[in-house]
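Have a look at the structure below, then the notes.
Residue numbers (this note's numbering), protein chains in the order written: chain A, 1 to 114; chain B, 1 to 112.
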């Protein structure tokens, strides 16, 4: 089944404790992206990657890092999480950089930073 | 820059009622337009899309027409069901671009 898999689904952590949210897709998509979803703000892009070893900032990259060492994986790293990073996070992928075909989304990771 | 504006929710309807969720956009060039749906506890799913002016996207009884003259892409369904209860997001992708810009989402609740 074609899918984007995120782990974990839920995570509660403390301020300053480094964490990684994993994302993997099995569709051989070139393009991958991370979004955060907050009430009243919709989805905002954090980082994106157009292919292996190619990453760039989205609209809200502060406090986040990503890497793209393999085509299928695109982990999101919070080196020193803060409470304002409490949010619902989605990973998404797409075939190529032409988004006429839309994105495939993961099921989300709900992160709480206390 | 690019932006998408959706009507505020929540929208509450009775089953079999007609649905319209308004969406307008601001973009340079010729963007592609999308509606995504998010069911409770799940990720977003592509509902329908339109890639050029006057195109009509349709899926599962939902329709939306790309209106360049009014920069709109309103979502409609003739008869909603309880199972349509979800959050609906309008989004655009610039022509040849690499990013989806989303609206804030509209929650739909359908009651018996």
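Heads up, the beta-carbon is just placed ideally off N, CA and C, and yes, glycines get one too. Computed from a predicted model, the values in this text were never measured in an experiment.
Taking the beta carbon of residue 107 of chain A as reference, the chain B residues within 9 Å of it are 41, 42, 43, listed in sequence order. Of the residues B/53, B/101, B/94, B/67, the one whose Cα lies closest to the Cα of residue 22 of chain B is B/67.
Remark: C-beta atoms of residue 31 of chain A and residue 48 of chain A approach each other more closely than 8 Å.
Per DSSP, residue 25 of chain A is one residue of the beta strand (DSSP E) stretching across 19-25. DSSP, read as helix, strand or coil, puts residue 101 of chain A in helix. Chain-ordered, the chain B residues with CB closer than 7 Å to the CB of residue 45 of chain A read 99.
Burial state of residue 105 of chain A is buried, judged by a 10 Å Cβ sphere holding 16 or more other Cβ atoms. At least 8 Å separates the beta-carbon of residue 34 of chain B from that of residue 19 of chain B. If you check each beta-carbon in the region 72-95 of chain A against every beta-carbon of chain B, the ones closer than 9 Å belong to 90, 91, 92, 94.
Exclusion of the five residues before and after residue 72 of chain B leaves 22, 23, 24, 25 as the residues of its chain whose Cβ lies within less than 8 Å of its Cβ. Shown here for residue 12 of chain A: same chain residues with a beta carbon closer than 7 Å to its own, the five before and five after excluded, namely 112, 114 in chain order.
The beta carbon of residue 60 of chain B sits no closer than 8 Å to any beta carbon of chain A. Its Cα nearest to that of residue 50 of chain A, the residue A/58 stands out among A/20, A/58, A/44.
Per DSSP, the beta bridge partners of residue 63 of chain B are B/58, B/76.
At a cut-off of 8 Å, the C-beta of residue 102 of chain B has a neighbouring C-beta in chain A. Per DSSP, reduced to three states, the secondary structure at residue 49 of chain A is strand.
Residues of chain A with a Cβ closer than 8 Å to the Cβ of residue 89 of chain B are, in chain order, 42, 43. Unbroken beta strand (DSSP E) stretches of 3 residues or longer found wholly inside the region 65-110 of chain A: 76-78, 87-94, given in chain order. For residue 53 of chain B, there is no enclosing beta strand (DSSP E), as DSSP marks it with neither H nor E. Take residue 77 of chain A, set aside five residues on each side of it, and the residues of its chain with a beta-carbon closer than 6 Å to its own are 20, 65, in chain order. Residue contact with chain B for residue 103 of chain A: present (Cβ-Cβ distance below 8 Å to some residue of chain B).
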